[in-house]
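Take a look at the structure:
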């Protein structure tokens with residue numbers, strides 16, 4: 005009889021949320037499996053979360069997977085929004101004390 009693999013949690017989808025959840029559960033000692041219909045090369049070759057809030061970036065650092073993001077991401081303290089031909093600056097850092105990171 006073939007051996008059966010058993011896990012405590014199955015995660016459907018290897019997108020940003022699924023992969024991060026898998027990492028968090030792994031660090032907590034929870035056995036998981038991540039199910040994804042696409043190939044590993046496809047998942048690793050795509051960036052699917054282009055704008056990340058600072059809390060998410062901090063969480064990625066704490067889980068040990070933020071190194072590439074820190075090296076390749078662009079930190080922004082705000083953004084410009086154009087409406088009716090007029091540009092408006094939204095200063096995220098002044099409003100919240102936090103930043104966003106653009107990745108991809």
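In the working numbering, the protein residues as written are 5 to 108. For every residue, glycine included, the Cβ atom is placed at its ideal position computed from N, Cα and C.
A Cβ-Cβ distance of about 5 Å is found for the pair residue 18 and residue 38, placing them in contact under the 8 Å criterion.
Distances from the CA of residue 76 to each of 106, 21, 12 and 62 were compared; the closest alpha carbon is that of 106. Residue 60 carries a helical assignment under DSSP once its states are collapsed to helix, strand and coil. With distances taken between CA atoms, residue 49 lies nearest to 20 out of 20, 29 and 95.
Check the Cα spacing between residue 104 and each of 73, 13 and 87: the tightest is with 73. Look at residue 91 here: in three-state DSSP terms it is strand. At the C-beta level, residue 68 and residue 61 stay beyond 9 Å of one another. Excluding five sequence positions before and after residue 56, the CB atoms of its chain that fall closer than 7 Å to its own CB belong to 104, 105 and 107, given in chain order. Taking the C-beta atoms as reference points, residue 34 is found no nearer than 9 Å to residue 40.
For residue 85, the secondary structure class from DSSP, reduced to helix, strand or coil, is strand.
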